[in-house]
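Chains as they are written, first to last, in our numbering: chain A, 228 to 341; chain B, 12 to 125.
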Amino acid sequence: QQQVKQSPQSLIVQKGGISIINCAYENTAFDYFPWYQQFPGKGPALLIAIRPDVSEKKEGRFTISFNKSAKQFSLHIMDSQPGDSATYFCAATNLIQGAQKLVFGQGTRLTINP
Amino acid sequence: EAQVTQNPRYLITVTGKKLTVTCSQNMNHEYMSWYRQDPGLGLRQIYYSMNVEVTDKGDVPEGYKVSRKEKRNFPLILESPSPNQTSLYFCASSFSLAGDYEQYFGPGTRLTVT
């Protein structure tokens, strides 16, 4: 049973456009939601993370939007660039158990066309 | 350079032939874990270790063993590999188990069992 559901599975966006990846979770005990970025042949790397006490967090062109009542969160990539082409994973856990109980979404393969 | 290393990066083996995938980190991290990545399933945790000689099962531990005799090393052992263990494997480490400490991933080991 997938505790974190991610969509879409793949996404193609034109350069300069906005990329949006969505995730939904069931476990209300989750209180930490990181996003990981993975380039081909590499391991995932932490991109940005949010806690549910805020509805939005922005770092450069990357923004996480969080809707606690709907149990959904999403990653927005503004002014998408070809270098953003990668696989993105959302994840969730609670801060007490941390990495021990980190669950990942299925992943989204993002392609930015030049 | 702070990093997590894995060896080998690629491995093709036959059913039943014992193998070990090594993982080492040079960041003095307490917490280490193993994940497998499969298409459409994201990353799933196999085993984790909170410190030397302390290990526990993750979500998909069947068919795997681990050991943590030294803080820096966390090998993954497949005693009798089967084709359903064909996957991309990642080792990860973080400073501590709890909290929002970033997990650092190795480059991955692509295993094929025929």
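For every residue, glycine included, the Cβ atom is placed at its ideal position computed from N, Cα and C.
None of these values were measured; they are calculated from a predicted model.
What residue range does the beta strand (DSSP E) around residue i cover?
{"i": "Ile88(B)", "result": "Leu87 to Leu89"}
{"i": "Thr3(B)", "result": "The first residue shown for chain B is 12 and the last is 125, placing residue 3(B) beyond what the model contains."}
{"i": "Met61(B)", "result": "Gly53 to Asn62"}
{"i": "Thr3(B)", "result": "Past the edges of chain B, shown from 12 to 125, lies residue 3(B), and the structure says nothing about it."}
{"i": "Ile23(B)", "result": "Tyr21 to Thr24"}
{"i": "Ile322(A)", "result": "For the record, residue 322(A) in the displayed sequence is Leu; it is not Ile. Segment: none, Leu322(A) is in no beta strand (DSSP E) and carries neither H nor E."}
{"i": "Asp67(B)", "result": "Val65 to Lys68"}
{"i": "Glu231(A)", "result": "Note on residue identity: the sequence assigns Val, not Glu, to residue 231(A). Looking at the DSSP string, the run of the beta strand (DSSP E) that includes Val231(A) is Val231 to Ser234."}
Is it buried or exposed, residue i, if we count other Cβ atoms within 10 angstroms and call 16 or more buried?
{"i": "Gln236(A)", "result": "exposed"}
{"i": "Pro271(A)", "result": "buried"}
{"i": "Pro261(A)", "result": "buried"}
{"i": "Ser60(B)", "result": "buried"}
{"i": "Leu337(A)", "result": "buried"}
{"i": "Thr320(A)", "result": "buried"}
{"i": "Met305(A)", "result": "exposed"}
{"i": "Ala313(A)", "result": "buried"}
{"i": "Gly334(A)", "result": "buried"}
{"i": "Phe316(A)", "result": "buried"}
{"i": "Lys295(A)", "result": "exposed"}
{"i": "Tyr115(B)", "result": "buried"}
{"i": "Gln241(A)", "result": "exposed"}
{"i": "Met38(B)", "result": "exposed"}
{"i": "Tyr21(B)", "result": "exposed"}
{"i": "Thr120(B)", "result": "buried"}
{"i": "Ile277(A)", "result": "buried"}
My assumption, with CB atoms under 8 Å, is that residue i sits in contact with residue j. Please give the rounded CB distance.
{"i": "Pro86(B)", "j": "Ser78(B)", "result": "6 Å"}
{"i": "Ser301(A)", "j": "Asn340(A)", "result": "Actually they do not touch by this definition, with Cβ atoms about 21 Å apart."}
{"i": "Val231(A)", "j": "Tyr259(A)", "result": "That pair is no contact at about 12 Å."}
{"i": "Leu89(B)", "j": "Gly74(B)", "result": "7 Å"}
{"i": "Tyr46(B)", "j": "Leu54(B)", "result": "4 Å"}
{"i": "Val15(B)", "j": "Gln36(B)", "result": "5 Å"}
{"i": "Ser234(A)", "j": "Ser307(A)", "result": "Not a contact, Cβ separation roughly 17 Å."}
{"i": "Thr125(B)", "j": "Val32(B)", "result": "Rounded, the Cβ-Cβ distance is 17 Å, inconsistent with contact."}
I need the DSSP call for residue i, collapsed to helix, strand or coil.
{"i": "Asn84(B)", "result": "strand"}
{"i": "Asn39(B)", "result": "coil"}
{"i": "Gln96(B)", "result": "helix"}
{"i": "Gln48(B)", "result": "strand"}
{"i": "Gln333(A)", "result": "coil"}
{"i": "Gln327(A)", "result": "helix"}
{"i": "Phe116(B)", "result": "strand"}
{"i": "Val77(B)", "result": "strand"}
{"i": "Val124(B)", "result": "strand"}
{"i": "Phe101(B)", "result": "strand"}
Could you give the uninterrupted runs of the alpha helix (DSSP H) lying entirely in the region 238-320 of chain A, keeping only those of 4 residues or more?
none
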